[in-house]
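The structure appears right after this line, and notes come after that.
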Amino acid sequence: MTDTYHPVVAVVDFHHQRGPEVERWVGVDEGYDPAIDNDWHLLPFLALSDGAHAATEDFSYFTLVLKSTPERSLFGISCTRQLDSRELLNRPADVTRSTVQKAVVVITENPQTFTAIREKLSFVTKAWFAQKDFADVEILERFQESLDKGFGIQEDDRDLYFGLSMRELIHQFKWQTLVLFKCLLLQPKMLFFGSNCEKMCLVQFSLISLIPTLMRHLRDCADPRMDYYATHIEKPTSLKTSERASLLAYMGIPLQIFGKGSLFGPYTPLQQLDTLADQDTKSYVVGSTNQLLLQQKDRYADILVNLDDNTINIYSPSLRNALALSTADRRWIDFLTQSVHDTWDENIPSRPKDMGYAGSEEFIRLQFEEYLLSLLSASKYSRFVSSHKGDPKALLSEVEGDPSAEFGSEFMTQWALTENFALFERTTDSHLFDVVEPRHPCAGGLTIEDVQRRLAAQVSELHLDERWRSNKEAMGKHISTGRERVAGAINTLWADIEVMREAQRKRAEEQKAAAANNPATADEKNAKVAQAQASVQAASSRAGAYLSSWGTWASEKRKNWQKPENNPIAAPTTSTLPPTQIWAAEDTRPAVTTVSELSKEDTIQPVAPIATGRSGGAKGVNKEEHTEEEDVQKTQQEDIAIQVAAEDPWVQEKI
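The sequence shown begins at 2 in the working numbering and counts up by one.
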């Protein structure tokens, strides 16, 4: 075989018994099978991606190894479609399923031509399926001939990136776009996941295209064992600043991300996991549409980019620290994000709505190119400063300190450990900072403008207007629902009250009717009530009489205490009475001691006075002395009655 590889076309069929298989080749010598000679046993699985049956049309991008001397990488693109088997004009006997699924594949050496190939491939595949006769491959043969005629035509750099929209990438990931770019330079294990295979592949091509001219130097990307570029590159000896290609080559661009130990597989099937897990595979950028790979993401990925939910998960702690953006980094990417946001057009996302330069594809790529050149220059100057600490005259007067710190100290430390940095150091001049200023494009400390811009971006990302609109609608709906519920509850309450009232009314009517039908029962009930009321009234009267008597006794006693002391008879004390008289008074005390006992008697019995005299009970005393002695005895009896009444619980309660 010659050193150049002409594009070829293949047809991959999904057989219901044997699975995916290569059905035919177009554009190769008769009897020659490239899949056998180059060990492309995974080609059918690469062409028919997982989940392709769920879409009307699906595209897959992948890499293959050409077994030449030396080996090099080839790139494939497939277009998958389906057709109802009942519509076939000549249905083969082995077609037993209701649907026929096939993929038309183009294998080429130049991935930068994918944009033009993709449009033609889509049209050709659709037309071939429309024939409803897969035995007729004339349209495929003409398609291959057109690809062969266009082979070798050089395109400028602007055509290389057409169709790989950086505007959409920045609009989707915003500031995290710079995180992905710097992550690519650190060469970790990057895994992209998405249910849309074509979008997932194009995002990867878009990311690696941010390194200028790298798309033209992917010769070693299909297998971790290949290292042709690093072993054959030479250090530039001249520079033409007026020529962009000369400037980039002198600055060490492209950085060789996919060299020895690295792999690039835009779409990687599960059958290729052994290669990813191999100990010789140190880093890769691969994509998958199979959910099973997400279950083992910790094993196969240092960083996972999920395109279905627009999330980036970093599982390596050291990588997470290295990818933390500095203040200057954040200021720079916020500027790019704002330029895309201000010119965004939903109908045509790939170009600015005002058709201007700011925010366009070329504008974005030029900004990333400037960023990368500044990074390389700052790295060289940082090492130069370290080696000339004792010679301040050798340093640049307009540069203060270490400019590489603006890109992140941890990032610069880890980048210095990668294979692409080692190749860059070996193939570039130590004074690159004399060509490109060693300064971050947005160098400087944190300012108020940075804070305001970041807050504005975060508020914009929150979509407060949309959330308020949706919340307002939801709130109105909840208020309406709540009003209906409250009204329903009130109506139910009033209905229950009316039911209770009606039940009470019926019960009263029933009781009234029952009383009218049984008058004797009602009379007996009324008699019992009257009797109970009379008993209560009698008890109350008796208690009142007792309390009235007690009050009278207390009043009389108070009067006796208030008599003059010079009258020995007017205010006798208990102690002046003979003991026999006191005990006699106690012996003649009424038997009633409590109100409850008092209530058992119909009338209160008066206490008979004790007739005693100074001469031992003689009757020949005058009337005045007899009255005073009786008063003394009465007073003693009253004291005893008061004491007894005061001890009664019922009296205490009434008092």
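Each residue gets a CB set at the ideal place from its N, CA and C atoms; glycine is no exception.
Might you give, ordered along the chain, the residues of its own chain that have their beta carbon closer than 6 angstroms to the beta carbon of residue i, omitting 5 neighbours on each side?
i, result
"Arg25", "Val12"
"Glu146", "none"
"Asn314", "Leu305"
"Gly28", "Val9, Val10, Gln145"
"Trp333", "Pro442, Cys443"
"Arg19", "none"
"Thr429", "Gly253"
"Lys298", "Leu305"
"Ala379", "Pro404, Ser405, Pro439"
"Ala36", "Val23, Leu44"
"Leu308", "Gly195, Met201"
So the beta strand (DSSP E) residue i belongs to, where does it begin and stop?
i, result
"His16", "9-16"
"Lys103", "100-109"
"Ile313", "312-315"
"Asn307", "304-307"
"Met216", "Segment: none, Met216 is in no beta strand (DSSP E) and carries neither H nor E."
"Arg25", "20-27"
Identify, in the order they occur along the chain, each residue of the same chain with its Cβ nearer than 7 angstroms to the Cβ of residue i, setting aside the five sequence neighbours on each side.
i, result
"Tyr6", "Leu67, Leu75, Glu110"
"Phe63", "Leu47, Gly77, Gly266, Pro267, Tyr268"
"His17", "Thr97, Arg98"
"Glu399", "none"
"Gln188", "Ile258, Ser263, Ser284, Thr419, Glu420, Asn421"
"Thr178", "Leu170, Ile171, Ile334"
"Leu396", "Val386, His389"
Below 8 angstroms CB to CB, which residues in the same chain sit around residue i once its five sequence neighbours on both sides are set aside?
i, result
"Ile140", "Val125, Ala128, Trp129, Gln132"
"Gln505", "none"
"Val341", "Arg168, Ile171, His172, Gly360, Ile365"
"Asp303", "Pro189, Lys190, Met191, Ile315, Tyr316, Ser317, Leu320"
"Arg300", "Ala278"
Going by other Cβ atoms of all chains shown within 10 Å of its Cβ, with 16 needed for buried, is residue i buried or exposed?
i, result
"Tyr382", "buried"
"Phe135", "buried"
"Gly483", "exposed"
"Lys175", "buried"
"Gln272", "exposed"
"Gly260", "buried"
"Glu602", "The predicted position of Glu602 is uncertain, since its pLDDT is 44 and thus under 50; no value can be drawn from it."
"Glu420", "buried"
"Thr81", "buried"
"Thr242", "exposed"
"Gly409", "buried"
"Thr70", "exposed"
"Tyr251", "buried"
"Asp14", "buried"
"Leu185", "buried"
"Ala658", "Here the chain comprises residues numbered 2 to 656, so residue 658 is not present and cannot be evaluated."
"Leu165", "buried"
"Thr57", "exposed"
"Leu90", "exposed"
"Thr312", "exposed"
"Ser50", "buried"
"Gln512", "exposed"
"Asp221", "buried"
Name, in chain order, the residues that DSSP records as bridge partners for residue i.
i, result
"Ile254", "Per DSSP, none; premise fails for Ile254."
"Glu58", "Arg82"
"Val66", "Ser74"
"Lys190", "Tyr285"
"Pro225", "Its beta-bridge partners do not exist; DSSP assigns none."
From what residue to what residue does the alpha helix (DSSP H) around residue i run?
i, result
"Lys298", "298-301"
"Thr282", "Looking at the DSSP string, Thr282 is not in any alpha helix (DSSP H), and its letter there is neither H nor E."
"Pro45", "44-48"
"Leu264", "No alpha helix (DSSP H) holds Leu264; the beta strand (DSSP E) holding it covers 263-266."
"Glu139", "139-151"
"Met413", "410-416"
"Trp333", "328-343"
"Trp41", "Per DSSP, Trp41 belongs to no alpha helix (DSSP H) and is neither H nor E."
"Gln173", "167-174"
"Lys127", "115-131"
query = Are at least three pairs of beta-carbons, each pair with one atom in the region 282-290 and one in the region 188-203, less than 8 angstroms apart?
reply = yes
message = Does the contact criterion of 3 or more C-beta pairs under 8 angstroms hold for the region 209-217 versus the region 367-376?
response = yes
inquiry  = Would you call the region 225-241 in contact with the region 347-362, where contact means no fewer than 3 C-beta pairs closer than 8 angstroms?
reply    = no
message = Does the contact criterion of 3 or more C-beta pairs under 8 angstroms hold for the region 71-85 versus the region 106-121?
response = yes
query = So does the region 320-330 actually touch the region 395-413, counting three or more Cβ pairs closer than 8 angstroms?
reply = yes
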